[in-house]
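Numbering (the UniProt record's numbering), first residue to last: 1 to 203. One structure below.
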């Protein structure tokens, strides 16, 4: 009986030691991962650095950090890289500030800079981008501050994207549009800092 207790006690001690060992290893791994995440978050916006690559770590040590230029929508897509998918997405989400719909997913504030940037990008790809004439027709009217058909514009793009919910049913008045922008501006990180004083009442 004494030997039996001794064997059980020894096995329990070994098992407990193994559990403690693995618990410590897991905690240390989590702490290290958390530390790496904090270091990455501390990097300036617009800079992409892979801290897991030794070569990149050496570049950081030498102060050679690569920067990525962001477009007016806050994304690393240049005009020469624009595809029909980005153009449709940008137009679709900009139109949300002016249209009535049961459901709206995504928001980009309409700005002159964004409209012109898209026009220039689509013109660069003229003849090679499916739907380029449609995009230029919409954007050219918007550039002239003509949003009289913005609900139709939304639905044209929405249909191109095979939309099933969120069809535009009308156009918001100025008061409704401003209320929509105020409620959704925080979604548009690229425009938030520049336009929050215009649309949001600071207390």
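By construction, the Cβ of each residue, glycine as well, lies at the ideal position given by its N, Cα and C atoms.
Alpha carbon to alpha carbon, how far is residue j from residue i? Give it in angstroms, no decimals.
i, j, result
"residue 253", "residue 164", "Nothing can be reported for residue 253: it is not among the residues displayed for the chain, which extend from 1 to 203."
"residue 47", "residue 70", "With a pLDDT of 41 at residue 47, under the threshold of 50, the modelled position of this residue cannot be trusted; read the value that follows with caution. Going from the Cα of residue 47 to the Cα of residue 70 covers about 10 Å."
"residue 108", "residue 129", "22 Å"
"residue 214", "residue 16", "Examination of residue 214 is not possible in this model, given that the chain is present from 1 through 203 alone."
"residue 101", "residue 125", "31 Å"
"residue 186", "residue 12", "55 Å"
"residue 127", "residue 133", "9 Å"
"residue 8", "residue 23", "22 Å"
"residue 184", "residue 123", "30 Å"
"residue 6", "residue 18", "18 Å"
"residue 3", "residue 14", "16 Å"
"residue 182", "residue 131", "32 Å"
As a quick exercise: from the options, pick the residue whose alpha carbon is nearest that of residue i.
i, options, result
"residue 98", "5, 13, 173", "173"
"residue 72", "200, 188, 199, 197", "188"
"residue 143", "134, 110, 21, 190", "110"
"residue 194", "133, 127, 113, 159", "113"
"residue 106", "68, 166, 150", "166"
"residue 104", "191, 192, 138, 155", "155"
Taking the beta carbon of residue i as the centre, do at least 16 other beta carbons fall within 10 Å, making it buried, or is it exposed?
i, result
"residue 157", "buried"
"residue 93", "buried"
"residue 85", "exposed"
"residue 88", "buried"
"residue 162", "exposed"
"residue 40", "Bear in mind that the predicted position of residue 40 carries a pLDDT of just 45, short of 50, making it unreliable; the figure below should be weighed with that in mind. Label assigned to residue 40: exposed."
"residue 21", "exposed"
"residue 95", "buried"
"residue 198", "exposed"
Query raised in the report: Three or more C-beta pairs closer than 8 Å, one from the region 105-124 and one from the region 71-86: is that the case here?
Result: yes
Query - Complete runs of the alpha helix (DSSP H) confined to the region 64-96 [at least 4 residues] - result: 84-95
Requested in this report: Return the chain-ordered ranges of every alpha helix (DSSP H) run that is complete within the region 148-194 and spans a minimum of 4 residues.
Outcome: 150-160, 174-184
Query raised in the report: Hey, which unbroken runs of the alpha helix (DSSP H) at 4 residues or more fall wholly within the region 122-146?
Result: 132-143
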